[in-house]
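These notes concern the structure reproduced below.
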Amino acid sequence: MVTTRSSAAALARSRSGTPAAQPATSSNNSAEIPGIDPATKKRTIAHMNKDHTEDMSAILRHYSHLSAAEAEGAEMLDLDLTSMSIRSATGTHTVPISPPMDSWDDRRAKLVAMTTAARNALGLDNHNDEAADHPIPRHVPPQGTDWISFAGVSFYFLCAGLVYGGLVTPGSPTWTALEAVRFPRGPVAFIWLVEVLFLPVLAIHVAEAWWMDHSRLAPARVPRGSRVWLLWVANAFLEGIPAYRRWDRTVKAKTS
Numbered sequence: 001m002v003t004t005r006s007s008a009a010a011l012a013r014s015r016s017g018t019p020a021a022q023p024a025t026s027s028n029n030s031a032e033i034p035g036i037d038p039a040t041k042k043r044t045i046a047h048m049n050k051d052h053t054e055d056m057s058a059i060l061r062h063y064s065h066l067s068a069a070e071a072e073g074a075e076m077l078d079l080d081l082t083s084m085s086i087r088s089a090t091g092t093h094t095v096p097i098s099p100p101m102d103s104w105d106d107r108r109a110k111l112v113a114m115t116t117a118a119r120n121a122l123g124l125d126n127h128n129d130e131a132a133d134h135p136i137p138r139h140v141p142p143q144g145t146d147w148i149s150f151a152g153v154s155f156y157f158l159c160a161g162l163v164y165g166g167l168v169t170p171g172s173p174t175w176t177a178l179e180a181v182r183f184p185r186g187p188v189a190f191i192w193l194v195e196v197l198f199l200p201v202l203a204i205h206v207a208e209a210w211w212m213d214h215s216r217l218a219p220a221r222v223p224r225g226s227r228v229w230l231l232w233v234a235n236a237f238l239e240g241i242p243a244y245r246r247w248d249r250t251v252k253a254k255t256s
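Quick note on numbering: UniProt numbering labels position 168 of the sequence shown as 168, and the sequence is numbered without any gaps.
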């Protein structure tokens, strides 16, 4: 066996109890990376998930090249100086932060910058400072007496579906039920009434859905086609004024 001088020296040191020289380990890495305060990290993630889900969806669409449907339901799971982890309808995605943040104190500015870049690239309206202070309201389902309007309109369109679906004919379950409850002038009058009301009712409720988008959702920068947008528009279509009032209460509660 060939023993070199360096190996012989190391062997001699080990025999004498002197530890061999170990590779130098840099202690500067942890000093170069500023610490992340767990409490502020938790608050930041909670704030993003509460008030900026649409912004995170935009970030996923732009930086991870997801479709609007794939980026739906965005939820931030983690955030550090170099990346953020966001879960959506299609799984968990890691979005690099480039360039990385120099300090944890830069997180708000970096998130705003990435959101602005994403919304610009997607052709969406950018949030200004006022919008950041008044985030997009979440959907709130019907409450209390709202259900009266919701149920009434839904019942009418159910009746229209039965009539136009050819399910109200002599001998059918619907026809028999109308006779059993003694509907005024019978099933024929029921069919006539549903058909007479159909176009006016449809026009009124389409207009109410359009007005919800025009007067409330668009000014609040709720992205058209998003889950929140679809739910509010559907509520306006089926409820009308109660949905407007619920939206206004929700906005007032978030901005007060």
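Each residue gets a CB set at the ideal place from its N, CA and C atoms; glycine is no exception.
Run the CB neighbour count on residue i, radius 10 Å, all protein chains shown included, and call it buried at 16 or more, exposed below.
{"i": "Leu167", "result": "exposed"}
{"i": "Arg246", "result": "buried"}
{"i": "His52", "result": "buried"}
{"i": "Pro96", "result": "exposed"}
{"i": "Ala151", "result": "exposed"}
{"i": "Ser88", "result": "buried"}
{"i": "Asn120", "result": "exposed"}
{"i": "Val233", "result": "buried"}
{"i": "Asp146", "result": "buried"}
{"i": "Ala253", "result": "exposed"}
{"i": "Asp37", "result": "exposed"}
{"i": "Asp248", "result": "exposed"}
{"i": "Ile118", "result": "Note that residue 118 is Ala in the sequence shown here, rather than Ile. Buried."}
{"i": "Asp105", "result": "exposed"}
{"i": "Ala109", "result": "exposed"}
{"i": "Ala243", "result": "buried"}
{"i": "Arg107", "result": "buried"}
{"i": "Arg43", "result": "exposed"}
{"i": "Leu111", "result": "buried"}
Within its chain, find whatever has a CB closer than 8 Å to the CB of residue i; leave out the 5 residues flanking it on each side and keep chain order.
{"i": "Ala113", "result": "none"}
{"i": "Thr169", "result": "Trp175"}
{"i": "Ser26", "result": "Because the pLDDT of Ser26 is 38, which lies under 50, any placement of that residue in the model is unreliable, and the question is left without a value."}
{"i": "Gly35", "result": "Trp104"}
{"i": "His214", "result": "none"}
{"i": "Gly186", "result": "Leu178 and Glu179"}
Among the residues of its own chain, which have a CB less than 7 Å from the CB of residue i, if the five just before and after it don't count?
{"i": "Ser154", "result": "Leu238"}
{"i": "Leu124", "result": "Ala58 and Pro223"}
{"i": "Val201", "result": "Tyr156"}
{"i": "Ala71", "result": "Ser57, Leu60, Arg61 and Ser88"}
{"i": "Pro173", "result": "none"}
{"i": "Ser98", "result": "none"}
For residue i, which residues of its own chain have a beta-carbon under 6 Å away from its beta-carbon, when the five flanking residues on both sides are left out?
{"i": "Thr94", "result": "Ser83 and Ser85"}
{"i": "Asp129", "result": "In this predicted model, Asp129 has a pLDDT of only 44, less than 50, meaning its place in the structure is not dependable enough to derive any value."}
{"i": "Val228", "result": "His139 and Val222"}
{"i": "His205", "result": "Phe237"}
{"i": "Tyr164", "result": "none"}
{"i": "Asn49", "result": "Glu75 and Met76"}
{"i": "Thr90", "result": "Glu70"}
{"i": "Ala203", "result": "none"}
{"i": "Leu231", "result": "His139"}
Considering only the alpha carbon of each residue, which of the options lies closest to residue i?
{"i": "Gly225", "options": "Ala69, Asp102 and Val201", "result": "Ala69"}
{"i": "Tyr63", "options": "Thr145, Val201, Asp80 and Leu122", "result": "Leu122"}
{"i": "Thr92", "options": "Val188, Ala39 and Leu77", "result": "Leu77"}
{"i": "Ile45", "options": "Gln143, Gly35 and Ala74", "result": "Ala74"}
{"i": "Arg216", "options": "Glu72, Val251 and Arg108", "result": "Val251"}
{"i": "Asn235", "options": "His47, Arg43 and Gln143", "result": "Gln143"}
Compute the beta-carbon to beta-carbon distance between residue i and residue j, rounded to the nearest angstrom, for a pair I have assumed lies under 8 Å.
{"i": "Ser103", "j": "Gly240", "result": "Their Cβ separation, rounded to whole angstroms, is 51 Å, which puts Ser103 and Gly240 out of contact at 8 Å."}
{"i": "Ala220", "j": "Pro137", "result": "7 Å"}
{"i": "Leu79", "j": "Lys41", "result": "6 Å"}
{"i": "Phe183", "j": "Phe190", "result": "5 Å"}
{"i": "Met56", "j": "Leu81", "result": "So it is not a contact: roughly 18 Å between Cβ atoms."}
Pairing CB atoms from the segment 209 to 227 with CB atoms from the segment 171 to 185, are three or more of them under 8 Å?
no
Hey, is the segment 154 to 174 in contact with the segment 193 to 203, meaning 3+ C-beta pairs nearer than 8 Å?
yes
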